[in-house]
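Colleague: I am attaching a structure below and will ask some questions about it afterwards.
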Amino acid sequence: MRPALVFSLLLCLLLALDGALFVDGLSRRKAEDATLAQLEVATSALGLSDLAVATEARYTRHPAVSDPMAPFMDHPGAIEHFPTGAFWLPPQH
Amino acid sequence: MAQTNLEKQLNILDYALSSLWRRRMKSLSVLLVFASVIFLLASFQMVTQALSDKAKQVLAYTPEITLQKMSAGRQEAIPLAYKDKLAGIFGIRRVVPRIWGYYFDEVLLANYTVMGMNVDEMPESARLDTALASGRMPTPDEQGRVVIGHSVKKALDLEGRNTFSFFRPNLSLKAFTVSGEFSQGTDILTNDLIIMNLADARDLYAIPAGMVTDLCVYVANPKEIDTIARKISEALPGVRVLTRPQIQKTYQVVFGWRSGFGSICLLTALAAFVILAWDKASGLSPEERREIAILKVLGWETSDILAVRFWESVIVSGLACVVGMTAAYIHVVYFAASLFRPVLMGWSVLRPDLHLLPRMAAGDILLILAFTVIPYLAATVIPAWRSATVPADSALGG
């Protein structure tokens with residue numbers, strides 16, 4: 001078997017895996033759309049402003065309603081020490 | 001003619017593959033490093049894109065305007081009397097007072113988000129029970145009843161009971177009864193929430209009567225949000241006015257490449273490519289020189305050798321790209337971005353079950369290609385040209 005054919009088979013195998021992931025993604029998308037209605041109701045009825053991803057610090061729990069200065073407000077010369085501060089950019093108001 | 005050209009390219013591809021297989025340990029290590037870099041970049045891109053996407057979808061329903069009182073650069077309680085001052089502003093449909101704060105559980109080291117409001121005054125409140133997995137929302141006259149998020153239930157270990165207590169500021173205990181639990185599907189919003197009546201929240205935090213923490217303002221015409229926000233700022237100086245577009249904008253930039261973690265991903269990729277490019281451009285090994293010389297003696301042209309090098313680069317970078325991006329998708333969707341969780345959630349005790357489903361648009365794929373495959377192809381151009389122009393006699397003679 002010539003090398004190009006072996007390589008094509010390997011590529012086809014990878015693309016088949018990607019195809020299976022795509023099909024699974026479509027069914028997951030349907031399930032996600034069903035929960036989206038619940039999320040919309042919760043946001044609307046509770047007036048939520050932020051995603052509950054990082055709950056360790058006020059400014060990463062509610063970045064949309066926090067000051068960019070919030071991480072440094074605890075005491076003079078305070079440094080930002082929460083790990084999630086590395087992942088989240090400060091809000092731009 | 002086209003048939004001959006295709007056959008020639010296929011033969012060159014065969015030769016390039018054999019050449020890569022001959023140096024399989026080196027090729028495999030380059031492929032693995034390359035795929036890992038792409039995996040890192042693509043995972044970051046997918047996580048941030050999925051979170052931004054989710055925020056964009058759900059935060060379209062956040063209150064049109066949120067008011068908070070500021071004093072000495074910090075947020076403080078806002079008087080309920082401010083509601084009356086807003087009465088004169090035309091276009092405001094409703095103002096709903098709310099108390100929200102944090103309760104730090106010193107035993108579990110968990111931070112709960114407590115919200116107190118009369119839910120009946122909020123839009124869509126009649127449908128809120130659809131977001132609950134069990135129970136119901138308490139009515140405004142039911143005191144001491146709360147609805148909790150999934151992680152709160154787990155943290156307080158409320159499997160066999162439905163009551164718990166929190167400390168007031170004077171260290172007296174306030175008891176609560178769980179009347180409902182949010183559905184796990186809403187975890188990304190309600191994971192750490194404890195919803196109660198306004199009076200209960202006021203009692204828990206000892207906030208004086210006539211004060212709340214913020215006011216949610218609903219306007220009749222969403223096109224007038226900015227105008228009404230400006231009028232509120234003029235009527236109530238010292239009040240921070242946050243509009244829905246501002247909140248949505250925050251989430252479009254908060255997960256960005258400029259964050260510390262994003263920069264580390266980019267710098268890692270950049271460092272890997274600099275090392276790779278330096279290695280490629282720094283010179284040919286004696287084996288490579290000999291191989292090219294033999295090919296030239298056998299009648300290969302410079303363009304053929306360039307084509308071999310091009311195919312080698314395309315195979316390595318293309319394969320690394322497919323493998324890296326597939327692995328990144330599996331990591332984000334099936335393993336909930338477990339490698340990033342320590343940075344994404346840090347020291348958080350309450351952690352939501354993230355169900356991330358990135359939408360892979362052509363633009364996202366092109367962005368990753370632009371950061372990875374294209375620099376690799378560019379980095380191999382000069383060494384390919386250098387290798388193709390090696391004089392046969394000098395290589396063999398040396």
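Residue numbers (the working numbering), protein chains in the order written: chain A, 1 to 93; chain B, 1 to 398. Ideal Cβ placement from N, Cα and C applies to all residues, glycine included.
Below 7 Å CB to CB, which residues in the same chain sit around Lys54 of chain B once its five sequence neighbours on both sides are set aside?
Modeller: In the second sequence, counting from the first residue as 1, residue 54 of chain B sits at position 54. The residues are Ile188.
Colleague: Determine the chain B residues that contact Asp18 of chain A at a beta-carbon separation under 9 Å, and present them in chain order.
Modeller: Residue mapping note: residue 18 of chain A aligns to position 18 of the first sequence, counting from 1. By Cβ distance, chain B contributes Val322, Met325, Thr326 and Tyr329.
Colleague: Can you confirm whether the stretch 20-33 of chain A touches the stretch 28-35 of chain B when touching is taken to mean that 3 or more C-beta pairs between the two stretches lie within less than 8 Å?
Modeller: Touching, no, given that fewer than three Cβ pairs across the two stretches are closer than 8 Å.
Colleague: When the cut-off is 9 Å and only beta carbons count, does Pro3 of chain A lie next to chain B?
Modeller: The residue you call residue 3 of chain A lines up with position 3 of the first sequence. Taking Cβ atoms only, chain B reaches closer than 9 Å to Pro3 of chain A, which makes this a yes.
Colleague: What are the boundary residues of the alpha helix (DSSP H) that Trp311 of chain B is part of?
Modeller: Here residue 311 of chain B refers to the residue found at position 311 when the second sequence is read from its first residue. Thr302 to Val333 is the extent of the alpha helix (DSSP H) around Trp311 of chain B.
Colleague: Can you name, in chain order, every residue of its own chain whose Cβ lies under 7 Å from the Cβ of Val241 of chain B, other than the five neighbours on each side?
Modeller: Locating residue 241 of chain B in the second sequence gives position 241, counting from the first residue. Excluding residues within five positions, the ones whose Cβ falls inside 7 Å are Ile65, Leu67, Ala229, Ile232 and Ser233.
Colleague: For the alpha helix (DSSP H) that contains Phe44 of chain B, what are its first and last residues?
Modeller: Walking along the second sequence from the start, residue 44 of chain B turns up at place 44. First-last of the alpha helix (DSSP H) with Phe44 of chain B: Arg24 to Val58.
Colleague: Apart from the five residues just before and just after Val119 of chain B, which ones in its own chain have a Cβ nearer than 6 Å to its Cβ?
Modeller: Counting from one through the second sequence, the residue named residue 119 of chain B turns up at place 119. Answer for Val119 of chain B: Ser125 and Met137, listed in chain order.
Colleague: Expressed to the nearest angstrom, what Euclidean distance is found between the alpha-carbon atoms of Val308 of chain B and Ile12 of chain B?
Modeller: Here residue 308 of chain B refers to the residue found at position 308 of the second sequence. Here residue 12 of chain B refers to the residue found at position 12 of the second sequence. Taking the straight line from one Cα to the other gives about 6 Å.
Colleague: On a Cα-Cα basis, can you pick out the residue from B:Trp300, B:Phe90, B:Ser338 and B:Asn5 that is closest to Ile389 of chain B?
Modeller: Taking the first residue of the second sequence as position 1, residue 389 of chain B is located at position 389. One point to set straight first is that residue 389 of chain B is Thr, not Ile, in the sequence displayed. Closest option to Thr389 of chain B, Cα to Cα, is B:Trp300.
Colleague: What is the residue span of the alpha helix (DSSP H) that Phe7 of chain A lies within?
Modeller: The sequence position of residue 7 of chain A within the first sequence is 7, counting from 1. Phe7 of chain A -> alpha helix (DSSP H) spans Pro3 to Leu46.
Colleague: Residues of chain A with a CB under 7 Å from the CB of Ile195 of chain B: which are they?
Modeller: Mapped onto the second sequence, residue 195 of chain B falls at position 195. Under the 7 Å cutoff, chain A gives Leu46.
Colleague: Less than 9 Å separating the beta-carbons of Ala45 of chain A and Pro245 of chain B?
Modeller: Translated into the one-based positions of the first sequence, residue 45 of chain A becomes position 45. Translated into the one-based positions of the second sequence, residue 245 of chain B becomes position 245. Cβ atoms of Ala45 of chain A and Pro245 of chain B: not closer than 9 Å.
Colleague: In or out: Glu312 of chain B buried (at least 16 other Cβ within 10 Å) or exposed?
Modeller: The count along the second sequence starts at 1 and reaches residue 312 of chain B at position 312. Flag for Glu312 of chain B reads buried.
Colleague: Could you tell me whether any Cβ in chain B is nearer than 9 Å to the Cβ of Val41 of chain A?
Modeller: Translated into the one-based positions of the first sequence, residue 41 of chain A becomes position 41. Chain B contact via Cβ: present.
Colleague: Counting contacts by CB-CB distance shorter than 9 Å, is His75 of chain A in contact with chain B?
Modeller: Indexing the first sequence from 1 puts residue 75 of chain A at position 75. It does not: the Cβ of His75 of chain A has no partner Cβ on chain B nearer than 9 Å.
Colleague: Which residue from B:Pro169, B:Pro391 and B:Trp21 puts its Cα closest to that of Asp105 of chain B?
Modeller: For the purposes of this step, residue 105 of chain B is taken as the residue at position 105 of the second sequence. That would be B:Pro169, whose Cα lies nearest to the Cα of Asp105 of chain B.
Colleague: Can you find a C-beta in chain A that's less than 9 Å from the C-beta of Lys231 of chain B?
Modeller: Start at 1 with the first residue of the second sequence, and residue 231 of chain B comes out as number 231. For Lys231 of chain B, the answer is no, since every Cβ of chain A falls outside 9 Å of its Cβ.
Colleague: Would you say the stretch 368-388 of chain B touches the stretch 341-351 of chain B, given that touching needs at least three Cβ pairs under 8 Å?
Modeller: In short, these stretches do not touch, since the Cβ pair count stays below three.
Colleague: At what residues does the alpha helix (DSSP H) containing Ile285 of chain B begin and finish?
Modeller: Position 285 of the second sequence, counted from the start, is the residue given in the question as residue 285 of chain B. With the sequence shown as reference, residue 285 of chain B is identified as Ser, and Ile is not the correct amino acid for it. Element bounds for Ser285 of chain B: n/a, residue is neither H nor E.
Colleague: Considering only C-alpha positions, which residue in the set B:His355, B:Ala379, B:Pro342 and B:Thr62 is nearest to Val316 of chain B?
Modeller: In the second sequence, residue 316 of chain B corresponds to position 316, counting from 1. Here the closest residue by C-alpha is B:Ala379.
Colleague: I'd like to know if Gly135 of chain B contacts chain A, where contact means its C-beta is closer than 9 Å to some C-beta of that chain.
Modeller: By one-based count along the second sequence, residue 135 of chain B stands at place 135. So no, Gly135 of chain B is outside the interface.
Colleague: Considering only the beta carbon of each residue, do Thr113 of chain B and Thr55 of chain A sit closer than 9 Å?
Modeller: Translated into the one-based positions of the second sequence, residue 113 of chain B becomes position 113. Translated into the one-based positions of the first sequence, residue 55 of chain A becomes position 55. A contact, by the Cβ cut-off of 9 Å.
Colleague: Measure the CB-CB distance between Val65 of chain A and Leu51 of chain B and report whether it falls below 9 Å.
Modeller: Walking along the first sequence from the start, residue 65 of chain A turns up at place 65. Walking along the second sequence from the start, residue 51 of chain B turns up at place 51. No, the Cβ-Cβ distance between Val65 of chain A and Leu51 of chain B is not below 9 Å.
Colleague: What does the Cβ neighbour count give for Leu48 of chain A, buried or exposed, with the cut at 16 atoms within 10 Å?
Modeller: Within the first sequence, numbered from 1, the residue matching residue 48 of chain A stands at position 48. Looking at its Cβ environment, which holds 16 or more other Cβ atoms inside 10 Å, Leu48 of chain A is buried.
Colleague: Would the beta-carbon of Phe176 of chain B fall within 9 Å of that of Arg202 of chain B?
Modeller: The count along the second sequence starts at 1 and reaches residue 176 of chain B at position 176. The count along the second sequence starts at 1 and reaches residue 202 of chain B at position 202. Not a contact, by the Cβ cut-off of 9 Å.
Colleague: At a cut-off of 8 Å, is Asp304 of chain B close to the ligand COA when judged by its beta-carbon and the heavy atoms of the ligand?
Modeller: Only the bare structure without any ligand can be found here, which leaves the ligand COA out of the picture.
Colleague: Below 8 Å on C-beta distance, what does Lys85 of chain B contact in chain A?
Modeller: Against the second sequence, residue 85 of chain B aligns to sequence position 85. Chain A residues near Lys85 of chain B: none, gap ~20 Å exceeds 8 Å.
Colleague: Please list the terminal residues of the continuous beta strand (DSSP E) segment that includes Pro97 of chain B.
Modeller: Numbered from 1 along the second sequence, position 97 holds the residue referred to as residue 97 of chain B. It spans Ile92 to Asp105 - the beta strand (DSSP E) in which Pro97 of chain B sits, taken as one unbroken run.
Colleague: Under 9 Å, do Ala131 of chain B and Thr186 of chain B count as touching if we go by C-beta distance?
Modeller: What you label residue 131 of chain B is simply residue 131 of the second sequence in a count that begins at 1. What you label residue 186 of chain B is simply residue 186 of the second sequence in a count that begins at 1. Contact: yes.
Colleague: Indicate whether Ala277 of chain B and Asp192 of chain B have their beta-carbon atoms separated by less than 9 Å.
Modeller: The sequence position of residue 277 of chain B within the second sequence is 277, counting from 1. The sequence position of residue 192 of chain B within the second sequence is 192, counting from 1. No; because the gap between Cβ atoms is not below 9 Å, this pair is not in contact.
Colleague: Do we get a CB-CB distance below 9 Å when we pair Val390 of chain B with the residues of chain A?
Modeller: For the purposes of this step, residue 390 of chain B is taken as residue 390 along the second sequence, with counting starting at 1. Val390 of chain B does not count as touching chain A.
Colleague: Can you tell me the Cα-Cα spacing of Glu142 of chain B and Asp200 of chain B, whole angstroms?
Modeller: As a working note, residue 142 of chain B is residue 142 in the second sequence. As a working note, residue 200 of chain B is residue 200 in the second sequence. Between Glu142 of chain B and Asp200 of chain B, the C-alpha separation is close to 10 Å.
Colleague: For Thr213 of chain B, name the three-state secondary structure that DSSP assigns.
Modeller: Position 213 of the second sequence holds residue 213 of chain B. Note: Thr213 of chain B maps to coil in three-state DSSP.
Colleague: Let me make sure I understand the geometry here. Which of B:Gly318, B:Lys8, B:Glu121 and B:Ala392 has the alpha-carbon closest to that of Pro63 of chain B?
Modeller: Taking the first residue of the second sequence as 1, we reach residue 63 of chain B at position 63. Of B:Gly318, B:Lys8, B:Glu121 and B:Ala392, the residue nearest in Cα terms is B:Glu121.
Colleague: Starting from Gly185 of chain B, trace the alpha helix (DSSP H) in both directions and tell me its first and last residue.
Modeller: Residue numbering aside, residue 185 of chain B sits at position 185 when the second sequence is read from its first letter. Note, Gly185 of chain B: premise wrong, no alpha helix (DSSP H); not H, not E.
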